[in-house]
Structure formats: C-alpha cells, structure tokens
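Respectively, the protein sequence lines represent chains D and E. Heads up, the first sequence is in numbering that gives the first Met the number 0, so the first residue is 0 and it goes up one at a time. Heads up, the second sequence is in numbering that gives the first Met the number 0, so the first residue is 0 and it goes up one at a time. Cβ coordinates follow ideal geometry from the N, Cα and C atoms, glycine included. Note that the structure is predicted; figures quoted are calculated from it, not measured. Working notes, structure below.
There are 2 protein chains.
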Amino acid sequence: MPHATAPELREFAERVLGAAGLAPAHAASAAAGLVAANLRGVDSHGVLRLTQYVASIEGGEIELDPDVRVVFRRGSTALVDAGGGYGFAPAQLAMDTAIELAREHAIGFVGVRGSHHFGMGASYVLRAAEAGLIGWLTTTSQPVVVPTGSAVPVVGNNPIAYAIPRQAPHPPILLDMALSEVAFGKIRLAAAEGRPIPLGWGFDAQGRPTTDASAALAAEALAPTGGHKGSGLAIVGEVLAGVLTGSPFGLASHAHAHRSGGVGHLLTAIDPAVFVTREEFEAGVEELVTQLKSATRAEGVSELLLPGEIERRTEEARRAGGIPVSDELTTKLAALAARLGVEPPAWA
Amino acid sequence: MPHATAPELREFAERVLGAAGLAPAHAASAAAGLVAANLRGVDSHGVLRLTQYVASIEGGEIELDPDVRVVFRRGSTALVDAGGGYGFAPAQLAMDTAIELAREHAIGFVGVRGSHHFGMGASYVLRAAEAGLIGWLTTTSQPVVVPTGSAVPVVGNNPIAYAIPRQAPHPPILLDMALSEVAFGKIRLAAAEGRPIPLGWGFDAQGRPTTDASAALAAEALAPTGGHKGSGLAIVGEVLAGVLTGSPFGLASHAHAHRSGGVGHLLTAIDPAVFVTREEFEAGVEELVTQLKSATRAEGVSELLLPGEIERRTEEARRAGGIPVSDELTTKLAALAARLGVEPPAWA
C-alpha cells in the first residue's frame, strides 16, 4: 500500500479543496483537519472525505469564503457564527474562545451556529487539553440514527468528545465517539465484501433490524448505541448542538437538507483547578489511570488501554512512517485531481 | 399488591431513617428523594433502598447531621460540600445554586464533594427544567462497571441525567441513565427467578462474560453500555464527578470503601436563551418533538415516546392511585420498622 507523508496529504487536500472553490484559508483549515484524522488512524474522517466534500461544494451546500466570527462573548459564554462554511475553522475558533473564557472564568461554553462537517471531534478537545484544560464537545450530524420505537432515522449520530489533560509528559485521555452503535464505514465495508452485519447495527428501509449490510446502507439507518440510552443521548445532542445554538436539527440538519449552515456544535473548556488545585487534579487522574491500567486483564488481553491511546500510538507511527493510502483511494483521488485540474497525488 | 400513598411512604421512610440516626432534616430530604423515585416508577431507587440505607448508617458510612454548605461561588461556578452525608440535600442545594448562577451568567456549573447516594438523578435536573433551564448532571457511584479489556470492575455506572424544558404545559424531556448496559436490579431479578441473563450484561468473578445471573451478581460486575463507548463515558464520569470535585473515584468510591463522603456529583444548569431567544428555543424543541413523535413507527410500536415520558405517566397514575409495594417488600420494611422501634407501614 502506498504511504503518504502528512504534509504531502495536506497539500494535496488543500489543492483539491481550493480548486473546488474554497477560499485559501478555509481550504487550508479543512485539509489540515482531514489529515489530522488520518494521522490518528481515524481514516473515515480523513482524505477519504474529499470526494464527498467536493460534491457538497459543487452542490452549493457550502459557503466558499464564509465570515467566521465571534458574535458575542458574555461571561463564560460565547457564540460563533460559521457563516455556512465547513466547521473546521469555526470549531477551532470556538474552542480557542472557550479556552480563553475558561482561563478567566474557570469554564467556557461556546456555541457554533450555521456550520457544517468539522471532521474529527478529537481535534478540538485536544486543543483544550493541550492548554491544560478539560475539553468537551458535541455536534449535530446528518440524521442517520433511528430513535427507539421509530422505523426511520430522525436524529444524528451526534458525536461527543472529551479530552482530560494529564501531567506532562502523558498525552490526554481522549474519548471521541458517535452515538450510533457502529460507524457507517463498518457497514459500507461489510456491504462491499458481501458480508452480513450483526443484528443491532442498522435497519432496512422498512425499519426492521437487518443483517443485510446493503439494505442498511441504502436506508442510511443506524441503530443508536446501547438502544434507548444512545437514542436518548442523540436526542439531547440535537437540542444542545442544534436547537440551543440556533442551528438546524433533526430532519433539517446537514446534507440531508442540502443547505449551507446545516450543522451546529457546542464546545466547552473547563479549568481542572475549578474546585481543587491543579496538583490535586493531576494526582487524581494519575491514580485513576494507575487503577485502570493495573486492573486484572480479561482473557486474551495483553494490555489495558486508555480511551484515545491506540489513536495516539497510530499518530506516532504515522508521523514517523507515513500514512497508508490504499491503491483504490489513491486512484479515486487521482481522478478527482485530474477532473479539477490539480497536480496528482505525490505519493502515487 | 398493597398500594401506599406517597405521603404514607414518605412518612414511613422518614421515621425509619430518623430512628436509624439521621438528623430530622436529612431524614426528610432522603425520604422525599426515595419516594420521588417510587412515584416515577423507578422503584430500584425508592424505599426498596431503606434496608441498605439503614445498614450504611449503622455501618458508620454516613454522617448523621452533616453540615451541607456552599464552599464558594465564583463567576458561573460553585462548590458544595456534602459533609459526608447522603446526597439528597447537597444535590438539591447544588442544583438550586446552579439555577441561580445560570440566571445571572447563563450557565451554572456546580461540584459536590464528599457526598453519598443521591437517589434518582432525575429529581435534580427536573428542578432546573421546572425553573425553565436545561439541567445536566453526572455522579460517581460504587465501582461496579468493568472497563473494556479488564476482568474486574474499576469504575462506577456513573449515571448521567439531562432535562430539557418545554413550552408549558408540556413536561420536560428527561433522560436519566446509568452507563452500565443494565441495572443490577434486572440481574438480581433473573437470579431470584433462576433465569439466565443475556451475554453482555455482566461478568463472573474471573471476568468472563456470563449468562449466569448469580455469578454476575456475586462478582458485582456489570458491562458498560455500548462496550467501549459506555466504558469511556464511565471513565470520564470518574474524572468529572470524582477527581474534578475533590471526591473519591474509582476503587476508592462509595460503599466499596465503606467510608463517608465517598461520592461526588457535578450539576449544571444552562439558560436556553444563552444563544437564541427563549421563544426560538421553545419553538425548536417543539419542532424536534413533532419530528420524533410523528416518525414512522417500527412494527408493533403503538406510540413513540420521548425520554422520560413513561415515567411521567407513571407518576400521574401513582399520584392518583397510589404506589404499589409488593407484599415481600412490605414485610421486609415492617421487620425493619419493628427492629428500629418505629410504627409499621400504614399501607400493610
């Protein structure tokens, strides 16, 4: 499999998005966001998305040169308007604003309205953790999750992410998860390989639980994680990231409605020293980590890993050895580049 | 089955807790909290707990007359010290403080340290919703959840609860859930009836997934909901409600360590008008509710229900027709009353 360096991949993505019409700064922030996901091994949110992004841009779903700005700051809160473009720059601005607010007020609580896909949620909560703060976010997404009792999708898989800072030199504990039982990527892969999926992953067009990967894929109907629990959390996510921020929600979200500004986000930064000293917080987290990592392991488990630890190791490996890009994806990206008249992938 | 009125049940619980040693105000707040759970049909958190509570009190795990106080208020944040008693009064004080802070600053973020069991989380987020605010909370609990990869419990099932206020006269959307796949109550019931449990609910003492209800019960080992997702959320819960608030966490939590002050909580109130007007928020929530309730229903489903709607209906029915208390539980409670020298249950 070909390997690309992160800069090669980022420059390629930036050229493609720029040629599709995104203003340079936005092409750069989106490209960097996609490659950040590839680096962590979250390839579903990496340059694989370029085809879809170009289609969204060409479909008029994305503002090309949006005015991303802080609408207001008030106490611990602020609102960012994404101007109908992609969510990368707005979510960065929102978390950076939340960090400033948390430094002053112990907590920063920032909404983003009128946004779009922001890539991998981990990117933004990591900014908080790198600043020594706890980061939390939630976002709406296109409505692909079937709430408990329904036969059709109504809510998004509304990813949530948390980053917990640790004493140097330890990387943060990082949880980044969607509220569907599995990501579409897993169902897409099973369909491509003609394999059935387990009951409990998705539904067919009639809203029946299905083992037919193609049927679930065609219906775009995912099961919530943990049944009614994930369903309830996804509904709450529509309210927090959608209704509360003044963004579309539910069936009006995102690409489903083929409109710009169809996504909302909510980002929070919390000072670990809000109730205890930073030293006490850090010592507590290390004690918890010790408990988690030294617990008796289940049969066949060689090491206990913290949330985000696999991704961190993948990032170290990929920074050193490059990012694997399948021949199939490389061919697709080369075709996209050719159509847009930009230089072909450097790693091909 | 005998039925008790809510006041009968509350007065009985108050007498029992008072006779066990709790100071009158704390006996009253705990009794009211337990019966609030019975009213909503959350009987696992109702007067069923009295036997366990009395054992905890007699075991010296609970401060009898704790000094529950706000340690400080600073901007949008405050810290409550529970003084080592039960969590009912401290969690109420914390949410009421969060409500005041949210009225002034749009968000109120309040930690509770040195607390204990607070009953049903719904009670506290409902206070926020009744004040027109969004309520959110999380709490530590005794370590009964086996994190992904482990063979033994390390973290709590760390319940989380959200309440979303709606336009009058609609009751709030209310999500109150633990991060275990199922509650112990379900496993206890299966064990009592000699039924197996599905794989994925719990583990045996060797950390192997088990269908043996008694084995899971003996190991006190629950599976996290949604596998690594619930596991990750439970770890985050230990940090937010435990480490951050200066309370015990992980293996040091709660009854496991038979110490007072073994539980921490974190409560938040959010003004729905922080980013949009209240009218816009309310209209958005109603539109989302319409989408959820008018979606095509799955086969065999007669009505689509919002989170918390069943519990609300149960409460209406039980306020009108009384709270069913099984003969078995009534007998147990009568024995407890006799031992403590208080009047027997009025409904027996």
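Can you tell me where the alpha helix (DSSP H) holding residue i begins and where it ends?
| i | result |
| --- | --- |
| D/His23 | Just to set this straight, residue 23 of chain D is Pro in the shown sequence, not His. That run of the alpha helix (DSSP H) goes Pro23 to Leu38. |
| E/Phe87 | Phe87 to His104 |
| E/Ala189 | Phe183 to Ala191 |
| D/Leu8 | Ala5 to Ala19 |
| D/His227 | His227 to Gly236 |
| D/Asp326 | Asp326 to Leu339 |
| D/Arg312 | Glu308 to Gly320 |
| D/Ile56 | Leu49 to Glu57 |
| E/Arg126 | Ala121 to Glu129 |
Name, please, each residue of chain D whose Cβ falls closer than 7 Å to the Cβ of residue i.
| i | result |
| --- | --- |
| E/Arg296 | Gly148, Ser149 and Ala150 |
| E/Thr224 | Gly225 and Lys228 |
| E/Val300 | Gly148 |
| E/Pro197 | Neighbours of E/Pro197 on chain D: none; closest Cβ ~12 Å, over 7 Å. |
Using CA atoms only, rank isn't needed, just tell me which of the options is closest to residue i.
| i | options | result |
| --- | --- | --- |
| D/Phe354 | D/Ala190, D/Arg68 and D/Ala212 | In the structure as shown, chain D starts at 0 and stops at 347, and residue 354 of chain D therefore has no counterpart that could be examined. |
| D/Gly131 | D/His115, D/Ala101 and D/Ser149 | D/Ala101 |
| E/Val109 | E/Leu328, E/Gly241, E/Ser325 and E/Gly249 | E/Gly241 |
| E/Leu287 | D/Pro146, D/Met0 and D/Leu21 | D/Pro146 |
| E/Gly118 | E/Ile322, E/Glu279, E/Gly45 and E/Ser213 | E/Gly45 |
| E/Leu188 | E/Leu38, E/His115, E/His169 and E/Asp42 | E/Asp42 |
| D/Val284 | E/Ala204, E/Gly226, E/Arg73 and E/Gly245 | E/Gly245 |
| D/Val153 | D/Ala218, D/Ile163, D/Leu174 and D/Ala97 | D/Ala218 |
| E/Gly231 | D/Asp326, D/Ile322 and D/Gly307 | D/Gly307 |
| E/Gly321 | E/Arg39, E/Ile98, E/Leu21 and E/Ser28 | E/Arg39 |
| D/Glu298 | E/Ala251, E/Ala268 and E/Phe202 | E/Phe202 |
| D/Arg277 | E/Leu250, E/Glu310, E/Pro89 and E/Leu243 | E/Leu243 |
Give me, in chain order, the residues of the same chain whose beta-carbon lies closer than 6 Å to that of residue i; leave out the 5 immediate sequence neighbours on both sides.
| i | result |
| --- | --- |
| D/Ala105 | Asp270 and Val273 |
| E/Pro1 | Val324, Thr329 and Trp346 |
| D/Ala212 | Ile186, Ala189, Ala190 and Ile196 |
| D/Ala150 | Gly206 |
| D/Val184 | The identity of residue 184 of chain D in the sequence shown is Gly, whereas the question assumes Val. Counting only Cβ-Cβ distances below 6 Å, and skipping sequence neighbours, we find Ser43. |
Just to confirm my understanding: we take residue i, look at its own chain, exclude 5 residues before and 5 after, and list those with CB closer than 8 Å. What are they?
| i | result |
| --- | --- |
| D/Gly340 | Ala18 |
| E/His255 | In this predicted model, E/His255 has a pLDDT of only 49, less than 50, meaning its place in the structure is not dependable enough to derive any value. |
| E/Val53 | Val15, Leu16, Ala19, Leu335 and Leu339 |
| D/Ala337 | Pro343 |
Can you give me the Cβ contacts of residue i inside the same chain, cut-off strictly under 7 Å, excluding the 5 residues immediately before and after it?
| i | result |
| --- | --- |
| E/Ala294 | Leu303 |
| E/Ala26 | Glu13, Leu16 and Gly17 |
| E/Ser122 | Gly32 and Ala35 |
| D/Ala93 | Val79, Val109, Val111, His264 and Leu266 |
| E/Thr50 | Lys331 and Leu335 |
| D/Ala30 | Arg9, Ala12, Glu13 and Leu16 |
| E/Gly226 | Thr147 |
Who are the neighbours of residue i on chain E, taking C-beta pairs under 8 Å?
| i | result |
| --- | --- |
| D/Ala105 | Arg73, Gly74, Ser75, Thr76 and Phe108 |
| D/Ile163 | Val235 and Val238 |
| D/Arg112 | Phe274 |
| D/Leu174 | Gly231, Leu232, Ile234 and Val235 |
| D/Val153 | Gln290, Leu291 and Ala294 |
Could you work out which residues of chain E lie near residue i, taking near to mean beta carbons separated by less than 7 Å?
| i | result |
| --- | --- |
| D/Val181 | Within chain E, no residue comes near D/Val181; the closest Cβ sits about 10 Å away, beyond 7 Å. |
| D/Gly245 | Phe274, Val275 and Glu279 |
| D/Gly206 | Thr295 and Ala297 |
| D/Leu303 | Gly148 and Ser149 |
| D/Val242 | Phe280, Gly283, Val284 and Leu287 |
| D/Pro271 | Leu243 |
Between which two residues does the beta strand (DSSP E) holding residue i run?
| i | result |
| --- | --- |
| D/His80 | Reading off the sequence, residue 80 of chain D comes out as Asp, not His. First-last of the beta strand (DSSP E) with D/Asp80: Thr76 to Asp80. |
| E/Pro142 | Pro142 to Val144 |
| D/Thr267 | Val262 to Ile269 |
| D/Ile172 | Ile172 to Met176 |
| D/Gly199 | Counting along the chain, D/Gly199 falls outside any beta strand (DSSP E), and DSSP gives it neither H nor E. |
| E/Leu287 | Premise fails: E/Leu287 lies in the alpha helix (DSSP H), Arg277 to Lys292, not in any beta strand (DSSP E). |
| D/Leu136 | Ile133 to Thr138 |
| D/Ala217 | Premise fails: D/Ala217 lies in the alpha helix (DSSP H), Ala212 to Ala218, not in any beta strand (DSSP E). |
| E/Arg68 | Arg68 to Arg73 |
Under a CB-based cut-off of 8 Å, is residue i close to chain A?
| i | result |
| --- | --- |
| D/Pro306 | The structure shown has no chain A; the protein chains it does contain are D and E. |
Would you mind telling me which residues of chain D sit closer than 8 Å to residue i, beta carbon to beta carbon, in chain order?
| i | result |
| --- | --- |
| E/Leu250 | Gln290 |
Mind listing the chain E neighbours of residue i? Cutoff is C-beta to C-beta under 9 Å, in chain order.
| i | result |
| --- | --- |
| D/Leu136 | Within 9 Å Cβ-Cβ: nothing; D/Leu136 doesn't reach chain E, min ~13 Å. |
So residue i contacts chain D; which residues on that side make the cut at Cβ distance below 9 Å?
| i | result |
| --- | --- |
| E/Leu125 | Correct list: empty, because the minimum Cβ distance to chain D is about 15 Å. |
Quiz item: Name the residues in the region 35 to 56 of chain E whose C-beta lies less than 9 Å from a C-beta of chain D; which are they?
Solution: none
Quiz prompt | Contact residues within the region 281 to 295 of chain D, judged by C-beta distance below 8 Å to chain E | solution = Gly283, Val284, Glu286, Leu287, Gln290, Leu291, Ala294 and Thr295
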